[in-house]
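Just below is one structure, and these are the notes that go with it.
2 protein chains.
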Amino acid sequence: MYYFCAMNIVEISKVLANDTRVRILRWLKDPVANFPPHQDIDHFDDGVCVGYIQDKAGLSQSTISTYLTAMQNAQLVIPTRHGKWTYYKRNEPVIEAYIETLKAEL
Amino acid sequence: MYYFCAMNIVEISKVLANDTRVRILRWLKDPVANFPPHQDIDHFDDGVCVGYIQDKAGLSQSTISTYLTAMQNAQLVIPTRHGKWTYYKRNEPVIEAYIETLKAEL
DNA sequence: ATAACATATTGATTATTCTAGATATATAAA
DNA sequence: TTTATATATCTAGAATAATCAATATGTTAT
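Next comes the structure, spelled out in structure tokens:
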């Protein structure tokens with residue numbers, strides 16, 4: 113059985129109303145292509161560390177961290193802690209559900 | 113031949129990042145159900161006049177007019193002038209193209 | 001022409017978002 | 001246990017968005 117969970121259009125749109133945040137989401141679609149490999153883990157299964165995202169975005173550490181927290185609050189990304197690092201990856205089911213919500217309700 | 117026109121995700125998300133504007137778009141999906149009939153035209157083919165939208169939204173005339181102009185600039189709605197009134201209707205192809213853009217690029 | 005009406009635009013105020021520096025917290029290394 | 005590193009949170013100023021009252025514009029009726 114498939115449960116469709118309607119997403120909050122306004123809340124998610126606020127996250128997507130910023131160029132940097134949208135670009136981060138897109139970069140995370142293909143970490144191998146968009147980021148250097150991690151030295152402490154040999155895969156991107158848990159996503160990309162904040163520092164790499166910050167370097168690529170060219171904004172301050174606090175700004176990127178704030179952005180990622182906002183994206184996490186909207187459930188668009190999932191954080192995983194590995195030692196000192198926090199890795200962020202896309203939350204694909206939520207992203208898909210959001211698009212389904214737009215299709216149904218917008 | 114079907115041409116896919118990629119929409120600007122950030123720009124449209126800014127429009128959708130507001131509860132009133134999203135509700136207006138939804139009301140316009142079913143004008144017969146959501147608005148009183150117009151007296152000067154006997155159909156909703158060209159959409160709904162600003163005054164009805166304003167009454168339903170409960171915000172000032174200038175605010176609603178500003179919102180509708182913003183939605184028009186994002187091409188989400190199409191205005192049609194009939195005498196003193198401006199009627200707004202949804203721009204379905206653009207709304208669909210936006211959802212397609214999200215599916216492809218987000 | 002003038003008055004009345006619907007909508008758009010302008011100007012101003014308040015609220016929210018953006019953004020960075022400073023500081024705090026958590027973890028690992030020495 | 002101190003030190004270094006990565007990320008998160010706090011604080012604050014600048015930029016943008018929300019909102020309305022007042023005014024302007026365009027259209028119709030008198």
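The listed protein sequences derive, respectively, from chains P and R. Mapping to this note's numbering: the first sequence position 69 is 181, numbers consecutive. Mapping to this note's numbering: the second sequence position 39 is 151, numbers consecutive. Even glycine gets a Cβ: it sits at the ideal position worked out from N, Cα and C.
Is the CB-CB distance between residue i and residue j below 7 Å?
{"i": "residue 210/R", "j": "residue 124/R", "result": "yes"}
{"i": "residue 200/P", "j": "residue 159/P", "result": "yes"}
{"i": "residue 98/R", "j": "residue 126/P", "result": "Chain R is shown from 113 up to 218; residue 98/R falls before or after that span and cannot be answered."}
{"i": "residue 236/P", "j": "residue 122/R", "result": "Given a span of 113 to 218 for chain P in the structure shown, any question on residue 236/P remains unanswerable."}
Whole angstroms is fine: what's the gap from residue i's alpha carbon to residue j's?
{"i": "residue 139/P", "j": "residue 185/P", "result": "19 Å"}
{"i": "residue 173/R", "j": "residue 117/P", "result": "35 Å"}
{"i": "residue 175/R", "j": "residue 195/P", "result": "50 Å"}
{"i": "residue 152/P", "j": "residue 197/P", "result": "10 Å"}
{"i": "residue 213/P", "j": "residue 167/R", "result": "27 Å"}
{"i": "residue 204/R", "j": "residue 134/P", "result": "24 Å"}
{"i": "residue 147/P", "j": "residue 147/R", "result": "51 Å"}
{"i": "residue 157/R", "j": "residue 188/P", "result": "38 Å"}
{"i": "residue 180/R", "j": "residue 154/P", "result": "51 Å"}
{"i": "residue 120/R", "j": "residue 217/R", "result": "10 Å"}
{"i": "residue 143/R", "j": "residue 193/R", "result": "17 Å"}
{"i": "residue 177/R", "j": "residue 178/P", "result": "34 Å"}
{"i": "residue 190/P", "j": "residue 202/P", "result": "6 Å"}
{"i": "residue 161/R", "j": "residue 149/P", "result": "56 Å"}
{"i": "residue 165/P", "j": "residue 170/R", "result": "42 Å"}
{"i": "residue 215/P", "j": "residue 145/R", "result": "20 Å"}
Looking at the C-beta of residue i, does it have a partner C-beta in chain P at a distance below 7 Å?
{"i": "residue 126/R", "result": "yes"}
Please list the partners that residue i has in chain P, where partner means a Cβ-to-Cβ separation under 8 Å.
{"i": "residue 217/R", "result": "138"}
{"i": "residue 165/R", "result": "By Cβ distance, chain P contributes nothing, its closest Cβ being about 17 Å from residue 165/R, past 8 Å."}
{"i": "residue 122/R", "result": "128, 129, 130, 131, 134"}
Which chain R residues sit within Cβ distance under 9 Å of residue i?
{"i": "residue 214/P", "result": "128, 207, 210, 211, 214"}
Checklist entry - In chain order, which alpha helix (DSSP H) runs of at least 4 residues are fully inside the stretch 144-197 of chain P? => result Runs of the alpha helix (DSSP H) spanning 4 or more residues and lying entirely within the stretch 144-197 of chain P occur at 162-169, 173-185, in chain order.
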